[in-house]
Every structure is written in C-alpha cells, then in structure tokens.
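Chains A and B, in that order, are what the protein sequence lines are. Heads up, this note's numbering is the position in the first sequence plus 16, with the first residue counted as 1. Heads up, this note's numbering is the position in the second sequence plus 16, with the first residue counted as 1. This report concerns only the one structure given below.
Protein chains: 2
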Amino acid sequence: MTSAEILSSRDIKPSLPRVLIFDYLRQHRTHPTVDEIYSSLSVRMPTLSKTTVYNTVKLLSSAGIIKTITIEEQQARYDACTDLHGHFLCTDCGGVFDFDTSLPDSRLPHGFSVATQEVYYTGTCHHCNKNK
Amino acid sequence: MTSAEILSSRDIKPSLPRVLIFDYLRQHRTHPTVDEIYSSLSVRMPTLSKTTVYNTVKLLSSAGIIKTITIEEQQARYDACTDLHGHFLCTDCGGVFDFDTSLPDSRLPHGFSVATQEVYYTGTCHHCNKNK
DNA sequence: TAATAAATTTGTAATCATTACAAAAGTGAA
DNA sequence: TTCACTTTTGTAATGATTACAAATTTATTA
C-alpha cells in the first residue's frame with residue numbers, strides 16, 4: 017500500500033508534506049528525530065517548515081500510523097514500524113536499534129485500558145563493545 | 017538501610033541535599049518530576065537549588081540507585097524502586113502507575129550488553145475510565 | 001586550630017526541543 | 001470566481017535541562 021493510501025484510509029488528507037514525511041519514515045528505519053527528517057526532506061522540498069514536521073509526526077502518531085519513541089530525554093524519535101519490537105539505545109554512540117521481543121507477561125490493575133506498549137533497553141551496542 | 021547508608025555504599029557522599037532528595041524519592045512512589053521534588057523539598061530546605069535537584073537525580077540515576085523514567089516527552093520522572101516493574105502513563109490524567117511485569121523474552125543482536133530495561137504502557141487508568 | 005585544597009551547592013544565563021499562534025497558501029465546492 | 005475550510009509556514013514563546021563560575025561547605029594538612 018502506498019503512503020498516500022494508508023493516510024487516506026485513516027481519514028488523513030495525503031498532502032505533499034505528509035506523504036513525504038511518512039514515506040521518509042517508511043524508508044528510513046533509523047528512528048529519526050524531527051531534525052533529521054526535516055534536514056533530509058528540506059533538500060527536496062525547500063519550502064518545508066520544521067513546524068510542519070512537528071505537526072505531522074504528532075498527527076501520524078496519534079492516528080497510530082507511526083510510533084513515538086521517548087527512549088531519550090533530549091528528543092523524540094519516530095518509527096513507521098508499528099509491529100511489536102523493542103528499542104535499544106546505545107549510550108555510547110547514541111544509536112537506536114530494533115530487537116525482537118515478545119510482550120512481557122503483565123498484570124495491569126483492573127480497569128486500565130492499554131493504548132501503546134513499549135520495551136526500551138539501554139546499554140552498549142555490538143559495534144561500541146568492539147572498540148574497547 | 018538508611019538513604020545515607022545506601023549512598024555511602026555507592027561512594028556517594030551523603031550530603032544533606034542528596035539525602036533529602038533520595039529520601040523523598042524513597043517515600044513518594046509517585047514518580048515525581050524534578051519540579052515536584054524541588055517544590056516539596058524547598059519548604060524544608062529553602063536554600064535548595066533546582067540545579068542541585070537536577071545534578072542529584074542525574075548522579076543517582078547513573079549510579080543505578082534510582083531510575084529515570086522517560087515515558088513522557090515533556091519531562092523526566094524518577095523512581096527509587098529499581099526492582100523490575102512496568103510503568104503505565106494515563107494519557108487522560110497524566111498519572112504514572114506501576115504494574116507487575118515479567119521481563120519480555122527478547123532476542124538481542126549478538127554483542128549487545130544491557131544496562132537498563134524498561135516497559136512503558138500508555139492508555140487510560142481505572143479512575144479516568146470510570147468518568148466516561 | 002588555621003590554612004589550604006577539594007568537593008558540593010547555588011543562581012544565573014544559555015541551550016534547545018517543542019508548542020502557540022496568526023498570517024499565508026492551498027484545496028474544494030457552489 | 002468566490003467563499004469556506006484545511007493545511008502550511010515563520011516567528012515568537014515556552015519550558016525543561018544544562019553550562020558555568022562564584023559561593024559555600026567539607027576534608028586535609030600542617
């Protein structure tokens with residue numbers, strides 16, 4: 017399915033900025049920040065505003081089309097893959113990596129309804145462990 | 017064990033601000049923000065600086081004595097309970113609640129070493145679900 | 001104890017990600 | 001084309017966090 021089709025199916029008008037941003041996230045699974053999305057796309061679309069990137073990732077995230085990753089204090093990252101998987105932050109190089117994970121066996125208090133589930137690990141990645 | 021003893025055992029000098037902040041976190045399991053810690057303690061210790069609260073929670077967190085919770089984009093929260101448990105953010109009232117969770121069965125890529133593990137859920141809490 | 005060195009705390013001023021907001025631009029219907 | 005509505009944009013706030021240097025406290029040495 018194209019990005020525009022996915023947006024339309026969620027009643028989000030597939031404007032050019034929205035399609036570009038969603039496309040970018042679908043093609044770059046590096047969990048980019050708003051800044052990285054903006055810098056990359058403003059080459060192709062010089063009129064793009066960073067505010068539009070902020071607006072769009074918030075729109076897509078609340079529609080459940082992308083995920084907001086808050087593994088770092090400094091800034092949010094975004095992920096077009098909404099399938100269940102964990103995120104690993106390397107505190108050496110700052111990279112964020114995916115890993116396979118099952119859902120933990122959780123006992124929520126009665127009456128709680130779940131919207132999103134995230135598993136965040138931090139540590140040192142393969143590459144940074146080598147350089148020691 | 018007293019807070020001062022725990023700090024000492026980690027080679028952190030148990031100064032008054034450090035003990036007060038750590039004590040506060042041990043007694044208030046509500047996952048307070050820096051602002052909440054500062055506001056509460058500055059009544060008893062008017063000379064306390066917010067910078068000291070920032071410095072201290074960073075110190076305690078990197079020593080592994082407390083946990084930094086980044087479930088929200090806006091600000092970090094802190095938790096003196098380092099036992100394994102999940103955190104649930106109610107997107108209606110903003111409260112953060114603990115819940116029991118096992119470790120998910122995760123397959124990390126080879127060579128990755130783990131320092132911290134977090135399970136974050138969002139949704140609606142018991143109380144907010146009632147008011148609907 | 002006094003003097004000195006080291007560690008800690010403090011207040012103020014940056015930094016910087018995010019949001020507010022209103023004007024501008026774009027889109028679609030009559 | 002005109003009008004209403006949505007989206008985008010740029011600028012100016014906001015607000016959490018950090019940098020930093022001065023002030024204070026604590027520890028050490030003589």
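We put the CB at the ideal spot given by N, CA and C, even for glycine.
Kindly list the residues whose CB is nearer than 6 Å to the CB of B/Val135, restricted to its own chain and excluding five residues on each side of it in sequence; keep chain order. The residues are Gly102 and Thr117.
Taking the alpha-carbon of B/Ala79 as reference, which of B/Thr86, B/Thr132, B/Cys141 and B/Pro48 has the nearest alpha-carbon? Out of B/Thr86, B/Thr132, B/Cys141 and B/Pro48, B/Thr132 has the C-alpha closest to the C-alpha of B/Ala79.
If we define contact as Cβ-Cβ less than 8 Å, is A/Cys141 a contact residue for chain B? Yes, A/Cys141 counts as interfacial toward chain B.
If you check the beta carbons only, do B/Val50 and B/Val73 fall under 8 Å apart? In contact: B/Val50 and B/Val73 (Cβ atoms closer than 8 Å).
Under 7 Å from any heavy atom of the ligand GDP, does the C-beta of B/Met61 make it? Among the components modelled here there is no ligand, and therefore nothing to report on the ligand GDP.
What is the DSSP secondary structure of A/Phe74, reduced to helix, strand or coil? According to the sequence as given, residue 74 of chain A is Lys; it is not Phe. Note: A/Lys74 maps to helix in three-state DSSP.
Does A/Thr138 pass the burial test, meaning 16 or more other C-beta atoms within 10 Å, or should it be called exposed? A/Thr138 comes out buried.
Would B/Gln133 count as contacting chain A if we go by Cβ distances under 8 Å? It does; some Cβ of chain A falls within 8 Å.
Put B/Lys148 into one of helix, strand or coil per three-state DSSP. Three-state DSSP puts B/Lys148 in coil, outside helix and strand.
Run the CB neighbour count on B/Thr140, radius 10 Å, all protein chains shown included, and call it buried at 16 or more, exposed below. The residue in question, B/Thr140, is buried, as its Cβ has 16 or more Cβ neighbours within 10 Å.
State the DSSP-derived secondary structure class of B/Asp27, mapped to helix, strand or coil. In the structure shown, B/Asp27 sits in coil (DSSP, three-state: anything other than H, G, I, E or B).
Our contact map puts A/His47 next to A/Val112 with C-beta atoms below 8 Å; I'd like the distance itself, whole angstroms only. Right, the Cβ-Cβ distance comes to about 4 Å (below 8 Å), so this counts as a contact.
Roughly how many whole angstroms lie between the Cα atoms of B/Glu89 and A/Ala92? Take the alpha-carbon of B/Glu89 and the one of A/Ala92: they are about 7 Å apart.
At which residue ranges does the region 32-62 of chain B contain complete alpha helix (DSSP H) runs of 4 or more residues, listed in the order of the chain? Secondary structure remark: continuous alpha helix (DSSP H) runs of at least 4 residues inside the region 32-62 of chain B, in chain order: 32-43 and 50-60.
For B/Leu100 and B/Leu124, which I take to be in contact (beta-carbon distance under 8 Å), what is that distance rounded to the nearest angstrom? Incorrect: roughly 17 Å between the Cβ atoms, too far for contact.
Closer than 8 Å by beta-carbon distance: list the chain A residues that pair up with B/Leu75, in chain order. Those within 8 Å of B/Leu75 in chain A number zero; the least Cβ separation is about 15 Å.
What number of angstroms, rounded off, separates the C-alpha of A/Ser122 from the C-alpha of A/Thr98? If I take the Cα positions, the gap works out to 20 Å.
Would you verify that the beta carbon of A/Gly110 is, or is not, closer than 8 Å to some beta carbon of chain B? False, the Cβ-Cβ gap to chain B never drops below 8 Å.
Three-state secondary structure (DSSP) at B/Ala153? Residue 153 of chain B lies beyond the stretch modelled for chain B, which goes from 17 to 148, so this question has no answer here.
I need the DSSP call for B/His101, collapsed to helix, strand or coil. In the three-state reduction of the DSSP assignment, B/His101 falls in the coil class, being assigned neither a helical nor a strand state.
Going by DSSP in three states, A/Ser118 sits in which element: helix, strand or coil? In the three-state DSSP reduction, A/Ser118 falls in the coil class, being neither helix nor strand.
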